[in-house]
Amino acid sequence: MAKGKNVSVYFCQNCGYESSKWMGQCPGCREWNTMVEELVDRKAVGKTKSAAQELEAAKPAALSQIQYEHQERMHTGYGELDRVLGGGVVPGSLVLVGGDPGIGKSTLLLQVCQKLSQDMDVLYISGEESPQQIKMRAERIGSFSDRLTLLCETNLDLVSKVIEREHPSVVMIDSIQTMYKEDVSSAPGSVSQVREATGVLLRIAKEKGIAVFIVGHVTKEGVVAGPRVLEHMVDTVLYFEGDRHAVYRILRGVKNRFGSTNEIGVFEMCESGLAEVLNPSQVMLNGRPEEASGSVVACSMEGTRPMLMEIQALVCQSNFGMPRRTSAGADLNRVNLLMAVLEKRAGLSMSNCDAYVNIAGGIRMNEPAIDLGIVLALFSSLKDKPVGAKTICFGEVGLSGEVRAVSMPQQRVAEAAKLGFEVCILPAVCLELVKEAQGIKLVGVANVREAIGAVLRGC
Ligand code: TYD
Ligand code: MG
1 MAKGKNVSVY FCQNCGYESS KWMGQCPGCR EWNTMVEELV DRKAVGKTKS AAQELEAAKP
61 AALSQIQYEH QERMHTGYGE LDRVLGGGVV PGSLVLVGGD PGIGKSTLLL QVCQKLSQDM
121 DVLYISGEES PQQIKMRAER IGSFSDRLTL LCETNLDLVS KVIEREHPSV VMIDSIQTMY
181 KEDVSSAPGS VSQVREATGV LLRIAKEKGI AVFIVGHVTK EGVVAGPRVL EHMVDTVLYF
241 EGDRHAVYRI LRGVKNRFGS TNEIGVFEMC ESGLAEVLNP SQVMLNGRPE EASGSVVACS
301 MEGTRPMLME IQALVCQSNF GMPRRTSAGA DLNRVNLLMA VLEKRAGLSM SNCDAYVNIA
361 GGIRMNEPAI DLGIVLALFS SLKDKPVGAK TICFGEVGLS GEVRAVSMPQ QRVAEAAKLG
421 FEVCILPAVC LELVKEAQGI KLVGVANVRE AIGAVLRGC
């Protein structure tokens with residue numbers, strides 16, 4: 001490979017796989033037609049030190065010799081965000097906030113700027129909007145301190161010089177797809193630009209101890225380099241999900257070097273920006289129909305927080321040879337599996353029925369603990385037998401129809417009791433783990449037949 005020359009490299013726009021020749025299918029992620037040619041200047045890829053200097057710097061140290069300074073986390077003023085971050089922003093960390101365009105990433109970061117700039121210097125760098133546009137958005141949100149400064153710039157070399165000169169405590173980059181490095185010849189938003197730009201920001205964050213938030217857009221088609229290729233570079237990855245047309249937005253931690261990854265934060269898009277939703281269970285259950293068949297309340301643990309939600313199922317006679325099965329919010333394969341379990345282990349015939357499963361509120365849930373909820377919702381709709389309005393359930397369902405134990409049953413029962421539920425159907429093996437259950441009746445079930453029996457008895 002000729003040094004200092006632009007060489008053609010093919011990058012997968014979906015996962016960042018690098019190859020010297022074009023391929024129809026990416027070997028990394030098995031996506032088709034995602035390899036795009038980019039010119040890379042091999043010489044430019046960051047060599048600033050000589051080999052001898054590098055070897056000098058690379059000295060192993062004993063663990064006991066390593067100095068560790070306890071750093072205070074910065075609180076963003078939003079408990080929901082702090083929890084997802086693992087208790088606040090760590091100085092010197094690089095946080096990637098991903099999500100579909102229009103979901104509210106810029107709004108969230110601007111609101112975080114508003115809070116943080118009350119006691120520290122914050123620099124907001126936008127490559128997408130003009131200062132006037134940002135000002136318009138800021139006016140909807142409220143008043144801002146003068147310690148927040150704005151810069152509209154896309155040239156990363158300039159941006160990094162400004163950050164070094166101003167030395168703020170926190171920097172927001174909106175978005176990484178608009179930033180470009182001059183010595184990388186491919187277009188902004190391409191995999192090599194995005195990766196190089198993140199590399200520069202990573203160095204700034206670590207060397208100067210500045211917390212950097214990066215916004216990254218994800219597109220389904222993989223046209224723009226998705227932030228997926230950056231996930232291994234940054235410390236924390238947060239995804240903002242939810243339907244753009246629905247009011248609720250879920251901020252989910254996907255990777256976190258400074259905390260647990262299962263946490264979620266729930267926000268609501270209002271007239272004046274994003275507002276925290278402090279009791280999501282209550283909100284998710286709003287407007288739930290009473291005494292309707294096919295509606296069941298289930299409980300899923302999102303990190304350390306139990307969340308109740310309504311699972312709806314509609315099972316009806318199919319008019320076609322091939323019954324339709326769809327699922328919104330729950331995994332369709334899981335729904336198919338649970339229907340097969342119901343057929344085989346509980347003797348319910350659904351082979352000629354269409355089945356639709358939906359988790360109300362546009363939220364997506366993957367925890368197996370909602371299995372029992374899906375099973376009971378399907379049963380309830382098939383037999384037109386409503387489940388009690390004050391009943392909740394949780395439990396994982398196995399292929400033999402057994403209801404298996406799930407984690408933290410005590411917390412789930414406590415949340416249900418707090419919201420006024422009176423009956424809880426749970427795995428029999430979890431019964432002894434639930435120490436106290438005030439005002440709520442516990443019904444332990446060992447398999448799906450027993451769970452259905454409990455519903456037939458009026459639970
Ligand atoms: P935005 O933060 O621009 O999304 P992103 O940066 O992820 O592309 O927010 C987009 C949506 O939020 C936009 O459709 C308008 C809406 N919005 C409100 O409803 N209320 C508000 O106060 C603000 C600032 C935005
Ligand atoms: Mg934006």
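All letters in the sequence shown, in the order written, are residues 1 to 459 by this note's numbering. Even glycine gets a Cβ: it sits at the ideal position worked out from N, Cα and C.
Judged by beta-carbon spacing, residue 278 lies beyond the 9 Å limit of residue 213, meaning their Cβ atoms are not closer than that value.
If you draw a straight line from the Cα of residue 330 to the Cα of residue 306, it is about 17 Å long. Burial state of residue 333 is exposed, judged by a 10 Å Cβ sphere holding fewer than 16 other Cβ atoms. Contact between residue 254 and residue 229 is ruled out by a C-beta separation of about 14 Å, above the 8 Å threshold. The shortest C-alpha to C-alpha distance from residue 135 to any of 113, 360, 62, 74 is the one to 113. At least one heavy atom of the ligand MG lies closer than 8 Å to the C-beta of residue 128.
C-alpha of residue 30 to C-alpha of residue 11: approximately 13 Å in a straight line.
As the crow flies, the alpha-carbon of residue 127 is around 12 Å from that of residue 216. Taking C-alpha positions only, residue 245 is separated from residue 326 by approximately 20 Å.
Contact check for residue 186 against residue 40 passes: the beta carbons are separated by less than 9 Å.
Beta-bridge partners assigned by DSSP to residue 306: 301.
In the assembly as shown, residue 50 is an exposed residue. Its beta-carbon has fewer than 16 other beta-carbons within 10 Å.
Look at residue 280: its beta carbon is at least 8 Å from all of the heavy atoms in the ligand MG. If you check the CB distance, residue 318 and residue 384 do not come in under 9 Å. Here the alpha carbon of residue 363 sits roughly 13 Å from the alpha carbon of residue 299. Per the Cβ contact rule, the region 396-408 is in contact with the region 338-347 (3 or more Cβ pairs under 8 Å).
Cβ contact annotation for residue 198 (same chain, cutoff 6 Å, sequence separation greater than five): 230, 233, in chain order.
Counting of Cβ neighbours within 10 angstroms places residue 322 among the exposed residues, the total staying below 16.
Annotation for residue 107 indicates a beta carbon within 8 Å of some heavy atom of the ligand TYD. Residue pairing by DSSP leaves residue 288 without any beta bridge partner. The bridge partners DSSP lists for residue 240 are 99, 251. According to the DSSP assignment, residue 192 belongs to the alpha helix (DSSP H) that extends over 191-208. An exposed status is given to residue 366, since fewer than 16 other beta-carbon atoms sit within 10 Å of its beta-carbon. Here residue 82 has 75, 76, 88 as same chain residues with Cβ atoms under 7 Å from its own Cβ, once five neighbours each way along the sequence are excluded. Contact between residue 163 and residue 171 holds: their C-beta atoms lie close to 6 Å from each other, under 8 Å.
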